[in-house]
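Notes follow once the structure below has been shown.
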Amino acid sequence: MGRLIFIFLLSISLFEGWMVQSVPYDHTASLECLSSPMRSLYKGGILQNSEFDSGLMGWLVPPGVKAAVNSSQSGNKFADAKNKDQPSRGVYQKIHLKTNHHYSLSAWLQVSSGTAVVKAIFKAPNGAYIGGGAVVAKAGCWSMLKGGMTAYSSGPAEFFFEADGATVDILVDSVSLQPFTFAEWKNHTSLSAAKVRKSAVKVVARGADGNPLANAELSLKLLRPGFPLGNAMTAEILNIPAYEKWFTSRFTVASFENAMKWYSTEWKRNQENYSVPDAMLALAQRHGIKVRGHNVFWDTNNTQMAWVNPLGADELKAAMQKRLSSVVTRYAGKVIAWDVVNENLHGQFYEGRLGANVSAELYGEVAKIDANATLFMNEYGTLEWALDLTAMASKYAAKMEQIRSYPGNAGIKLAVGLESHFETPNIPYMRATLDMLAQLKVPIWLTEIDVSPKTGPYQVEYLEDVLREGYGHPNVEGMVLWAAWHKHGCWVMCLTDNNFTNLPAGNVVDKLIAEWKTHPVAATMDANGVAELNLVHGEYKFTVTHPSLESPTAHTLTVDAASSALEHAIDIKV
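Read in order, the letters of the sequence shown are residues -22 to -1, 1 to 552 in mature numbering (1 follows the signal peptide of the UniProt record, and there is no 0).
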């Protein structure tokens, strides 16, 4: 018997010198309300006098507003726009937008009293008003607004701040507007993806005597990609082999579109039926597909069963406890995650009947039953719409903090779930929002990605933009498409026709899957028995062939971001 020692070393160094970029993208973000604002990103970008060190030079004051530059006790200068009427406005600048440019926006804001939602708005060259982002601004401390917009035409434009439904003075400081060409933005995305989705790998093969196997041949096969990419699954998959083959050959994660929801398992009171989700789970498990538990509860009024609506508080609590215990106990350890209270910002069905803390209590109860599952706060609008004032990043973060800080919830495994139902995506705002929510220090997934057919011929292009942006962001840990197939049509976006032949949207998904799996398939080791490779994260089969070996030897190894240095020995016959 002989022994081949197969050493597998990972390092965090990367092969990323192949692209040139101009201004690097700055992921800096903050959810805290600070006593003093941070400095302007990009030194203000194209804006003049971004930190008001030269008074109001470069800034204009709206009619009916009085503005001045004031100083804090620490000497920090800021613009203070005093308002007597609504809408309350802050100082603004005239700018020149360029065709096919993404604009990254940031600013620090404060209001004179209480709290108010302050919006950043662009008046485009064609006169259209475009939302750039919003934040809940407070009195006495500075809050960061981070967002952006895309210009598809050139010309003069304006950029201003406005309070939503409140008469307040608006204090502004450390404002920045940085342009990027589409090519520069894509370079940022590609460089980030190379950094976070790949690692440099050093593979060393030596014989039992410790001597290197010079010029050995190494072959590689990616068995399972490391980045989770999934799709919504429907019950039709149970009876259509072509659907099963199409789905399972592409995706590593599934969310059941409807089958696990309360209205699917207990449409009539006390008549539970889990036969469909049980069968779908079994199918997914046969193919090694991970399943997200979607969902325990749905917080919107129009998704409740007829028998739930008239229940009094005590009866509703009892029905909810029965539902929670039933579904979570049944699938505990079998799903990787739960959407605990779906659409918890736009919906208020349970809070309206059982109080403001009911959602936090439900998260705690789910965690007690299934401690290993990740518990998602799944919401729409946060990523898709710069002026969705119900679900913007600051309100999303505040809700998660309420859940996290509730007594008994310390240590539960929370995560950000962003549904991602897009029309025309605001890509700079999308990236900025991901930057902001990354400050929560929990996993982020895009959970229900689709692009509306209203975008016409641009649907496929926009879908690719969204998927690349998610894959390239350093804090996104998984993505799930919301393109569940139905014989009579999909909810918004189909990837395949009824013969399971890809439609254009399916082709772009397949293109990206292939690209994100691309890796060297073979290498010849040098005189020291070493091969250095740049590998996308995932589970690999490594096979070594050498004249001194009776037969090739193989070993399965995982490449991931957490790996640093691994050594593996394989016993073989010689």
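Just so it is clear, CB atoms sit at the ideal spot from N, CA and C, and this is done for glycine as well. For clarity, every value in this text was computed on a predicted model and none was experimentally measured.
Keeping to the same chain, check which residues put their C-beta closer than 6 Å to that of residue i; ignore five residues upstream and five downstream.
{"i": "residue 306", "result": "344, 347, 348"}
{"i": "residue 337", "result": "319, 322"}
{"i": "residue 451", "result": "412"}
{"i": "residue 459", "result": "209, 427"}
{"i": "residue 133", "result": "103"}
Whole angstroms is fine: what's the gap from residue i's alpha carbon to residue j's?
{"i": "residue 533", "j": "residue 197", "result": "11 Å"}
{"i": "residue 255", "j": "residue 237", "result": "5 Å"}
{"i": "residue 158", "j": "residue 407", "result": "13 Å"}
{"i": "residue 316", "j": "residue 138", "result": "40 Å"}
{"i": "residue 56", "j": "residue 120", "result": "11 Å"}
{"i": "residue 539", "j": "residue 90", "result": "45 Å"}
{"i": "residue 455", "j": "residue 173", "result": "14 Å"}
{"i": "residue 481", "j": "residue 435", "result": "13 Å"}
{"i": "residue 384", "j": "residue 239", "result": "25 Å"}
{"i": "residue 127", "j": "residue 405", "result": "7 Å"}
{"i": "residue 526", "j": "residue 382", "result": "58 Å"}
{"i": "residue 7", "j": "residue 100", "result": "21 Å"}
{"i": "residue 215", "j": "residue 253", "result": "14 Å"}
{"i": "residue 442", "j": "residue 21", "result": "31 Å"}
{"i": "residue 536", "j": "residue 179", "result": "11 Å"}
{"i": "residue 499", "j": "residue 340", "result": "48 Å"}
{"i": "residue 217", "j": "residue 342", "result": "37 Å"}
{"i": "residue 82", "j": "residue 259", "result": "42 Å"}
{"i": "residue 147", "j": "residue 446", "result": "40 Å"}
{"i": "residue 251", "j": "residue 243", "result": "5 Å"}
{"i": "residue 29", "j": "residue 58", "result": "12 Å"}
{"i": "residue 439", "j": "residue 528", "result": "51 Å"}
{"i": "residue -10", "j": "residue 358", "result": "Annotation note: pLDDT 35 at residue -10 (below 50); position unreliable, no value reported."}
{"i": "residue 135", "j": "residue 73", "result": "5 Å"}
{"i": "residue 249", "j": "residue 302", "result": "15 Å"}
{"i": "residue 189", "j": "residue 504", "result": "13 Å"}
{"i": "residue 287", "j": "residue 328", "result": "10 Å"}
{"i": "residue 476", "j": "residue 213", "result": "15 Å"}
{"i": "residue 166", "j": "residue 5", "result": "11 Å"}
{"i": "residue 517", "j": "residue 199", "result": "9 Å"}
{"i": "residue 330", "j": "residue 392", "result": "23 Å"}
Taking a contact to mean a Cβ-Cβ separation below 8 Å, would you say residue i touches residue j in this structure?
{"i": "residue 201", "j": "residue 519", "result": "yes"}
{"i": "residue 131", "j": "residue 19", "result": "no"}
{"i": "residue 227", "j": "residue 211", "result": "no"}
{"i": "residue 371", "j": "residue 415", "result": "yes"}
{"i": "residue 176", "j": "residue 399", "result": "no"}
{"i": "residue 351", "j": "residue 314", "result": "yes"}
{"i": "residue 36", "j": "residue 88", "result": "no"}
{"i": "residue 332", "j": "residue 294", "result": "yes"}
{"i": "residue 110", "j": "residue 125", "result": "yes"}
{"i": "residue 367", "j": "residue 113", "result": "no"}
{"i": "residue 369", "j": "residue 324", "result": "yes"}
{"i": "residue 235", "j": "residue 388", "result": "no"}
{"i": "residue 501", "j": "residue 511", "result": "yes"}
{"i": "residue 326", "j": "residue 277", "result": "yes"}
{"i": "residue 241", "j": "residue 271", "result": "no"}
{"i": "residue 69", "j": "residue 38", "result": "yes"}
{"i": "residue 123", "j": "residue 85", "result": "yes"}
{"i": "residue 54", "j": "residue 14", "result": "yes"}
{"i": "residue 169", "j": "residue 129", "result": "no"}
{"i": "residue 152", "j": "residue 16", "result": "yes"}
{"i": "residue 11", "j": "residue 97", "result": "no"}
Can you list, in chain order, the residues of its chain whose CB lies under 7 Å from that of residue i, leaving out five sequence neighbours each side?
{"i": "residue 484", "result": "473, 474"}
{"i": "residue 478", "result": "220, 221, 224"}
{"i": "residue 448", "result": "424, 454, 457"}
{"i": "residue 335", "result": "384"}
{"i": "residue 52", "result": "14"}
Which same chain residues end up closer than 8 Å to residue i when comparing Cβ atoms and leaving out the 5 residues on each side of it in sequence?
{"i": "residue 394", "result": "354, 355, 374, 378, 415, 418, 420, 421, 422, 423"}
{"i": "residue 266", "result": "202, 230"}
{"i": "residue 145", "result": "61, 62, 63, 64, 66"}
{"i": "residue 430", "result": "399, 400, 401, 437, 470, 471"}
Exercise. Per the contact definition of three or more C-beta pairs closer than 8 Å, is the region 182 to 189 in contact with the region 201 to 209?
Worked result: no
Exercise. Can you list the beta strand (DSSP E) stretches of 3 or more residues lying completely in the region 67 to 110, in chain order?
Worked result: DSSP runs (the beta strand (DSSP E)) wholly in the region 67 to 110: 71 to 75, 79 to 89, 93 to 101.
Exercise. Enumerated in chain order, which unbroken segments of the alpha helix (DSSP H) with a length of 4 residues or greater are wholly contained in the region 178 to 256?
Worked result: 219 to 226, 240 to 243
For this session: Note down, one range per segment and in chain order, each alpha helix (DSSP H) of at least 4 residues found wholly within the region 308 to 344.
Result: Complete alpha helix (DSSP H) runs here, min 4: 327 to 332.
Exercise. Does the pairing of the region 493 to 501 with the region 267 to 276 give three or more beta-carbon distances under 8 Å?
Worked result: no
For this session: Jot down the residue ranges of each uninterrupted beta strand (DSSP E) in the region 263 to 296, minimum 3 residues, whole runs only, in chain order.
Result: 268 to 276
Exercise. What residue ranges within the region 102 to 163 form continuous beta strand (DSSP E) runs of no fewer than 3 residues, ordered along the chain?
Worked result: DSSP runs (the beta strand (DSSP E)) wholly in the region 102 to 163: 107 to 116, 121 to 129, 133 to 141, 148 to 159.
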